[in-house]
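Please read the structure below before turning to the comments.
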């Protein structure tokens with residue numbers, strides 16, 4: 244029976260193992276840490292007595308590969324899935340607006356909800372709808388443009404950009420408009436809003452991320468996937484231009500008929516043998532964008548909505564964990580929130596006290612009666628290498644799953660998925676790697 248060795252147990256690695264193990268192959272995962280999930284993980288906060296995620300993850304119903312895997316593994320009840328797309332917005336004038344698409348079914352509901360959204364002029368709303376129509380017709384080319392260039396060229400007004408496009412791009416791509424690839428934006432719009440409006444609904448974890456991953460881990464282990472924890476890959480073993488296995492940092496050697504690396508570019512670069520360095524020289528050209536997550540526990544309610552987008556501030560999203568998490572362990576604090584700061588280049592290097600002060604000041608701008616005394620506990624998580632930056636330059640060098648080595652494959656959200664750095668991109672890449680191996684065996 245043929246064997247597959249997967250380097251890395253993040254979403255891409257788990258997805259690859261899920262599809263390969265269902266087909267009866269011998270699958271082994273080498274994982275550096277003591278648990279699977281990669282960025283889909285959680286840690287214990289002793290002060291609140293709660294598990295908190297390494298950062299708030301929001302998904303869309305367009306995440307077909309990942310969500311179908313969760314469904315098959317019996318994890319769907321651990322998710323909050325919107326009935327209709329709806330997003331609340333807070334701005335620095337203490338004004339709330341809401342996009343709600345459930346007034347009417349289908350496209351009519353989306354158009355009506357959008358036309359009723361406050362803060363954007365009718366002219367700008369019409370320009371956004373026209374742009375969506377052009378995307379639907381497939382008559383737009385991005386020609387290596389960034390989103391700022393693309394939106395300006397397509398007559399998007401300043402209010403449309405600051406109140407609609409910018410929050411959307413930062414949330415989905417973790418980079419600014421003048422960085423983000425317009426080609427990827429077009430792909431997102433097609434998948435989420437053009438192909439099927441049911442794809443546009445938002446999905447939030449209803450428990451900590453480790454709990455969501457547990458049923459998938461059980462599924463793959465039940466299908467005889469062998470998981471080696473605390474095992475860091477140190478070097479690919481190359482023989483006659485064929486990858487025959489991996490040597491660990493402890494000197495252990497693992498061999499297999501096929502190898503899938505799900506490592507991020509900076510980690511993969513370290514294990515490539517010198518004789519193959521030219522084949523993988525693009526790895527050093529991929530750059531990263533940080534995300535800062537701030538968890539707050541309060542004695543007063545900050546927002547009543549499940550979540551809200553913040554406009555005109557450094558913070559971008561506020562998630563109401565009190566409502567989203569189905570079972571919270573804490574009796575100490577009544578309310579809990581997580582705040583996301585994406586594309587956080589200027590903030591990630593600040594001291595934690597400075598980050599907390601920034602968040603407090605932003606809340607005062609957004610919420611008229613907010614008082615710092617409400618906050619009784621906080622926890623800040625900074626991920627300096629949270630996602631790759633999906634700019635036009637990176638799009639040119641993102642590699643396909645298949646490499647120059649016949650039996651060596653790549654997976655990960657940074658590979659050529661045509662998607663940004665998302666859970667779905669990672670999951671989709673893992674499935675593609677598995678399918679390519681299965682095709683070779685048939």
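Residue numbers (my numbering): 244 to 685.
The beta carbon of each residue, even a glycine, is placed where N, CA and C say it ideally should be.
Environment of residue 381 [buried if 16+ CB atoms lie within 10 Å]: By the neighbour-count rule (16 or more Cβ atoms within 10 Å), residue 381 is not buried but exposed.
Alpha helix (DSSP H) segment containing residue 411, residue limits: 409-416
Residue 677: first and last residue of the uninterrupted alpha helix (DSSP H) it sits in: In this chain, the alpha helix (DSSP H) harbouring residue 677 covers 666-684.
Cα-Cα separation, residue 263 to residue 502: 12 Å
Collapsed DSSP secondary structure at residue 541 in the structure displayed: strand
Endpoints, alpha helix (DSSP H) assigned at residue 509: 508-514
Backbone secondary structure at residue 391 - three-state DSSP: helix
The ligand COA heavy atom lying under 7 Å from the CB of residue 433: Although the ligand COA was asked about, the structure shown includes no ligands whatsoever.
Bridge partners - residue 618, DSSP secondary structure assignment: 541
Burial state of residue 542 (16 or more Cβ within 10 Å): Exposed, because fewer than 16 other Cβ atoms sit within 10 Å of the Cβ of residue 542.
Option nearest residue 255 by Cα separation, candidates 685, 402 and 675: 675
Close Cβ partners of residue 401 (< 6 Å) along its chain, the five nearest in sequence each way excluded: none
Within-8 Å CB hit, residue 370 to chain D: Here chain D cannot be found, since the structure has a single protein chain.
Cα-Cα separation, residue 465 to residue 267: 11 Å
Close beta carbons around residue 651, own chain, < 6 Å, minus the five adjacent residues each side: So the list reads 486 and 502, once near-sequence residues are dropped.
For residue 245 and residue 484, the rounded distance between their alpha carbons: 19 Å
Beta-ladder partner(s) of residue 448, from DSSP: Answer is 322, bridged to residue 448.
Proximal residues to residue 567 (C-beta, below 8 Å), its chain only, five neighbours per side dropped: 323, 447, 448, 449, 549 and 550
Classification of residue 596 by the beta-carbon crowding that lies within 10 angstroms, buried from 16 upward: exposed
DSSP bridge partner residues for residue 288 (one or two, in chain order): 293
Contact under 8 Å by Cβ, residue 442 with residue 305: yes
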